[in-house]
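Chemist: Letter by letter, the sequence shown follows residues 1 to 544 in the UniProt record's numbering. Just so you know, even glycine gets a beta-carbon here, dropped at the ideal spot from N, CA and C.
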Amino acid sequence: MTVARLQLASMFVVVARWVRESYCGRIGCVRSDRFGWDHLALSILEEVDATPPPLAIELARFRVMEELDKQFEHHFSGLQQLIGAPLHYVQEKLSVADSTEIPEDDASVRELGTIDVSRVNVDERNATSPDDSSQNHIPAGGVRISFTVPVDPMHEEALSILKKLQIIENDASSGDFCTRREFARWFVKLCSKLERKRMHRIIPNLITSGSVESAFDDVNFDDPDFLYIQSLGESGIVPSKLSSFFGTSANGSQSANRNSNFLPESYLSRFDLVNWKLLVEYPFASELDQKMLSKNVHTLDLSAWPDVTASVFVDLFGGDHSIVSKVFGNTRRLQHHKPVTKAQAAAALTSGRMEEVVRDELNRLEAENQSRLSAMSEMMEELINRGDIKQYWEDKMKKEQDRGFEVEKHLQDVLHELANERTDQEKEIADLLKEKSALERQNQELVCLRSEVDGMYDRLATESLEVMADEENLEKLSSDMSSKHQAVTEAKSYLEAEKEALTMLRSWVEQEATRVHEHAEVLERAFFAVAILLALARSQSTET
Numbered sequence: 001m002t003v004a005r006l007q008l009a010s011m012f013v014v015v016a017r018w019v020r021e022s023y024c025g026r027i028g029c030v031r032s033d034r035f036g037w038d039h040l041a042l043s044i045l046e047e048v049d050a051t052p053p054p055l056a057i058e059l060a061r062f063r064v065m066e067e068l069d070k071q072f073e074h075h076f077s078g079l080q081q082l083i084g085a086p087l088h089y090v091q092e093k094l095s096v097a098d099s100t101e102i103p104e105d106d107a108s109v110r111e112l113g114t115i116d117v118s119r120v121n122v123d124e125r126n127a128t129s130p131d132d133s134s135q136n137h138i139p140a141g142g143v144r145i146s147f148t149v150p151v152d153p154m155h156e157e158a159l160s161i162l163k164k165l166q167i168i169e170n171d172a173s174s175g176d177f178c179t180r181r182e183f184a185r186w187f188v189k190l191c192s193k194l195e196r197k198r199m200h201r202i203i204p205n206l207i208t209s210g211s212v213e214s215a216f217d218d219v220n221f222d223d224p225d226f227l228y229i230q231s232l233g234e235s236g237i238v239p240s241k242l243s244s245f246f247g248t249s250a251n252g253s254q255s256a257n258r259n260s261n262f263l264p265e266s267y268l269s270r271f272d273l274v275n276w277k278l279l280v281e282y283p284f285a286s287e288l289d290q291k292m293l294s295k296n297v298h299t300l301d302l303s304a305w306p307d308v309t310a311s312v313f314v315d316l317f318g319g320d321h322s323i324v325s326k327v328f329g330n331t332r333r334l335q336h337h338k339p340v341t342k343a344q345a346a347a348a349l350t351s352g353r354m355e356e357v358v359r360d361e362l363n364r365l366e367a368e369n370q371s372r373l374s375a376m377s378e379m380m381e382e383l384i385n386r387g388d389i390k391q392y393w394e395d396k397m398k399k400e401q402d403r404g405f406e407v408e409k410h411l412q413d414v415l416h417e418l419a420n421e422r423t424d425q426e427k428e429i430a431d432l433l434k435e436k437s438a439l440e441r442q443n444q445e446l447v448c449l450r451s452e453v454d455g456m457y458d459r460l461a462t463e464s465l466e467v468m469a470d471e472e473n474l475e476k477l478s479s480d481m482s483s484k485h486q487a488v489t490e491a492k493s494y495l496e497a498e499k500e501a502l503t504m505l506r507s508w509v510e511q512e513a514t515r516v517h518e519h520a521e522v523l524e525r526a527f528f529a530v531a532i533l534l535a536l537a538r539s540q541s542t543e544t
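1) Could you give the DSSP three-state label for Q135: helix, strand or coil?
2) If the criterion is Cβ atoms closer than 8 Å, does the pair Q344 and H155 meet it?
3) I'd like the list of long-range same chain contacts for D33, defined as Cβ closer than 6 Å, with 5 residues on each side in sequence excluded.
4) For S266 versus K241, is the C-beta spacing smaller than 8 Å?
5) Just checking my contact of L263 with R180 at CB under 8 Å: how many whole Å lie between their CB atoms?
6) Quick check on DSSP: helix, strand or coil for F177?
7) Distance, Cα to Cα, V280 vs G233?
8) Just to check my reading of the structure: K277 and I203 have Cβ atoms closer than 8 Å, yes? What is that Cβ distance to the nearest angstrom?
9) Please name the residue or residues paired with S269 in a DSSP beta bridge.
10) Determine contact between the stretch 372 to 388 and the stretch 213 to 224, defined as no fewer than three beta-carbon pairs at a distance below 8 Å.
11) Could you give the residue range of the alpha helix (DSSP H) that holds D425?
12) Over the uninterrupted alpha helix (DSSP H) stretch that includes Y282, give me the two end residues.
13) Could you check whether T341 and D176 sit closer than 8 Å to each other, using their CB atoms as the reference points?
14) Could you give the distance in angstroms between the alpha-carbon of D431 and the alpha-carbon of E400?
15) Give the DSSP-derived three-state secondary structure of E195 in the structure shown.
16) Just to confirm before moving on: does the CB-CB distance between residue 598 and L159 stay below 8 Å?
17) Please report the distance separating the alpha-carbon of S371 from that of L418.
18) Please state the DSSP three-state secondary structure of D171.
19) How would you call F405, buried or exposed, if buried means at least 16 neighbouring beta carbons within 10 angstroms?
20) For the alpha helix (DSSP H) containing V327, list its first residue and its last residue.
21) Between the beta-carbon of I161 and the beta-carbon of L362, is there less than 8 Å?
22) Can you grab the Cα-Cα spacing for the pair E169 / Y228, in whole Å?
23) Looking at C-alpha atoms only, which residue of K398, L273, A347, K396 is the closest neighbour of K338?
24) Can you tell me the Cα-Cα spacing of T423 and D413, whole angstroms?
25) From this set, S493, K193, L495, F528, which residue's C-alpha is nearest M354's C-alpha?
26) Can you tell me the Cα-Cα spacing of T542 and A535, whole angstroms?
27) According to the Cβ coordinates, are V357 and R196 closer than 8 Å?
28) How many angstroms separate the CA atom of A497 from the CA atom of A520?
29) Where S483 and E466 are concerned, what is the direct C-alpha to C-alpha distance, given to the nearest angstrom?
30) L477 to L495, Cα distance in whole Å?
31) Helix, strand or coil: which one does DSSP assign to Q370?
32) Is it buried or exposed for E426, if we count other Cβ within 10 angstroms and need 16 for buried?
33) Which same chain residues, not among the five before or five after V238, have their C-beta less than 6 Å away from its C-beta?
Quick look at the structure:
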């Protein structure tokens, strides 16, 4: 097998490994070779073994596309677009995949832009929409697949050149999508700053908020990019409300008046990128016959472009030297609704007529830099020859020596003060040690006192328990005494009642005794009277 065959074999092995790792891993495949990419690579090598290398590459890519159409019809439309990309994209990807160890210094050269396909509208029905600028405003569908696409080194170089010329901001990333606002700002700045011919120049007019009508409803006067966007509307490059004053827009569309929104935050589509650039690149292309130009253009989806201008046919007629080829590579489908990256926008801005202008501007800056450096070197040489620098440095060294002496003297004074302060601190430390020993003794005494207090506290606790026991006994005795006192009280009341009864009985007995005594006296008197009467009777009887 020849060297070309070995290179082809290694290329397809890397393709199989890259596709397997990039896509099977992202959808959660259990097996890394689930779709048979290794087997596919081997079968392709067998088929193209007897084919010349240039034709073998095209045949192999066709076989990969055919296999993808079978297995990824509903889930991996973004991968089909990647496989259909220009050949230099694939070669760049393969070179990145082959070199597993890349130095950190070359990381910027091999930078890969991360693209989220979910942010791109891949619905082919949008291709029939009359207004392409509104399709990229909000993603309406598509499969959510994130993958890395290699950035063309030429695009990277164009982006770095525009950053150097202060057209594009330094924080712009090559892999990010470009918005319509950003491209309008860069486009107008480039055409107004570097363009030499007035027919190709876009000059922003310094206007006030009330002196002119706004070209777009969604771009107000206080917008930071109003001047650039308004310039595109006034020049007729972008259809706006001002297009009605000229009858038609720059691309001859009467339907542009229906849409008066610029959508500055939307992604810039391929159609807008090519259309805006080519309208300035070929301002008189509308006078040519589009049918004659379209016969030599082999673009499959050109009929789906809304309002294709003659400038597009003129550019596509240029073949490999066209702006479309320099930006999107050798492709048969331009896919006008897809958004472009900032690197692609930079490549478009530096293509065509601006390529020579940018080169001249870079040469001018380089010449100015060289002249500045040469002037500085001449001034330096003159100063050296005059001896001013030597005298200056001698004076400087003398001043530094004097300053060194002063610093040394000051250092000695500081060291002396430091020694005195150290002696004072040692004395203070000795005093502090004495105070520390005294505090330790006091602390020991406090510990002893605390132990004594703890003993007294224990004794007080014991005595408190004894007092509590005595109180309980006293409470018991008190309860017994109260019960006995109650019994004595009851007995006393009973005795008093008996005493009162005895007193009443005594008084009754005394009354009865008095009455009996009186009755006895009466009986005694009666008895005495009877005795007297008996004696009288006896005496009378005796006398008789």
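Modeler: To lay it out plainly:
1) Residue mapping note: residue 135 aligns to position 135 of the sequence shown, counting from 1. With a pLDDT of only 41 at Q135, under 50, the local geometry of the prediction cannot be trusted, and the value read off the model is given with reservation. In the three-state reduction of the DSSP assignment, Q135 falls in the coil class.
2) In the sequence shown, counting from the first residue as 1, residue 344 sits at position 344. In the sequence shown, counting from the first residue as 1, residue 155 sits at position 155. Yes. Within cutoff.
3) For the purposes of this step, residue 33 is taken as the residue at position 33 of the sequence shown. Note that D33 has pLDDT 44, beneath the 50 cutoff, so the model's placement of it is unreliable and no number is given.
4) As a working mapping, residue 266 is identified with position 266 in the sequence shown. As a working mapping, residue 241 is identified with position 241 in the sequence shown. No; because the gap between Cβ atoms is not below 8 Å, this pair is not in contact.
5) On the sequence shown, residue 263 is found 263 positions in, with the first residue counted as 1. On the sequence shown, residue 180 is found 180 positions in, with the first residue counted as 1. Confirmed, about 6 Å.
6) Within the sequence shown, residue 177 is the residue found at index 177, counting from 1. It is a strand residue.
7) Position 280 of the sequence shown, counting from 1, holds the residue named residue 280. Position 233 of the sequence shown, counting from 1, holds the residue named residue 233. When rounded, the distance between both Cα atoms is 13 Å.
8) Looking up residue 277 in the sequence shown gives position 277. Looking up residue 203 in the sequence shown gives position 203. Actually they are not in contact, since the Cβ atoms of K277 and I203 sit about 18 Å apart, beyond 8 Å.
9) Locating residue 269 in the sequence shown gives position 269, counting from the first residue. Beta-bridge pairing links S269 to P339.
10) In this structure the stretch 372 to 388 does not touch the stretch 213 to 224; the number of beta carbon pairs closer than 8 Å is below three.
11) Position 425 of the sequence shown holds residue 425. First, the residue type needs correcting, since residue 425 is Gln and not Asp in the sequence shown. Annotation: the continuous alpha helix (DSSP H) that includes Q425 extends over 388 to 543.
12) Against the sequence shown, residue 282 aligns to sequence position 282. For Y282, no alpha helix (DSSP H) segment is defined, and its DSSP state is neither H nor E.
13) Counting from one through the sequence shown, the residue named residue 176 turns up at place 176. Counting from one through the sequence shown, the residue named residue 341 turns up at place 341. Going by C-beta atoms, D176 is nearer than 8 Å to T341.
14) In the sequence shown, residue 431 corresponds to position 431, counting from 1. In the sequence shown, residue 400 corresponds to position 400, counting from 1. If I take the Cα positions, the gap works out to 45 Å.
15) By one-based count along the sequence shown, residue 195 stands at place 195. E195: coil per DSSP, three-state reduction.
16) The structure shown does not extend to residue 598, since the chain is modelled only from 1 through 544, so no value can be given for it.
17) Translated into positions along the sequence shown, residue 371 becomes position 371. Translated into positions along the sequence shown, residue 418 becomes position 418. Each residue's alpha carbon lies about 58 Å from the other.
18) Here the question's residue 171 lines up with position 171 in the sequence shown. Judged by DSSP in its simplified three-state form, D171 adopts coil rather than helix or strand.
19) Reading the sequence shown from its first residue, position 405 is the one you call residue 405. Around the beta carbon of F405, a 10 Å sphere encloses fewer than 16 other beta carbons of the protein chains shown; the residue is thus reported as exposed.
20) In the sequence shown, residue 327 corresponds to position 327, counting from 1. From DSSP, the alpha helix (DSSP H) with V327 extends over 323 to 328.
21) The sequence position of residue 161 within the sequence shown is 161, counting from 1. The sequence position of residue 362 within the sequence shown is 362, counting from 1. Less than 8 Å divides the Cβ of I161 from the Cβ of L362.
22) On the sequence shown, position 169 is the one that residue 169 refers to. On the sequence shown, position 228 is the one that residue 228 refers to. The alpha-carbon atoms of E169 and Y228 are separated by roughly 15 Å.
23) The sequence position of residue 338 within the sequence shown is 338, counting from 1. The residue from K398, L273, A347, K396 with its alpha-carbon nearest to that of K338 is L273.
24) Along the sequence shown, one-based indexing puts residue 423 at 423. Along the sequence shown, one-based indexing puts residue 413 at 413. C-alpha separation (whole angstroms): 15 Å.
25) To locate residue 354, count along the sequence shown from 1; it is residue 354. It is K193 whose Cα lies nearest to the Cα of M354.
26) Within the sequence shown, numbered from 1, the residue matching residue 542 stands at position 542. Within the sequence shown, numbered from 1, the residue matching residue 535 stands at position 535. Here the alpha carbons of A535 and T542 stand approximately 10 Å from one another.
27) Taking the first residue of the sequence shown as position 1, residue 357 is located at position 357. Taking the first residue of the sequence shown as position 1, residue 196 is located at position 196. Yes, the pair counts as a contact, with Cβ atoms nearer than the cut-off.
28) Looking up residue 497 in the sequence shown gives position 497. Looking up residue 520 in the sequence shown gives position 520. When rounded, the distance between both Cα atoms is 33 Å.
29) Working through the sequence shown from its first residue, we reach residue 483 at position 483. Working through the sequence shown from its first residue, we reach residue 466 at position 466. If you take the alpha carbons of S483 and E466, they lie about 26 Å apart.
30) Indexing the sequence shown from 1 puts residue 477 at position 477. Indexing the sequence shown from 1 puts residue 495 at position 495. L477 and L495: Cα-Cα distance of roughly 26 Å.
31) Taking the sequence shown and counting its residues from 1, one reaches residue 370 at position 370. In the three-state reduction of the DSSP assignment, Q370 falls in the helix class, which pools H, G and I.
32) By one-based count along the sequence shown, residue 426 stands at place 426. Counting other Cβ atoms within 10 Å of its Cβ, E426 stays below 16 and is therefore classed as exposed.
33) Counting from one through the sequence shown, the residue named residue 238 turns up at place 238. A distance below 6 Å between beta-carbons, with the five flanking residues on each side excluded, links V238 to the following residues of its chain, in chain order: L232.
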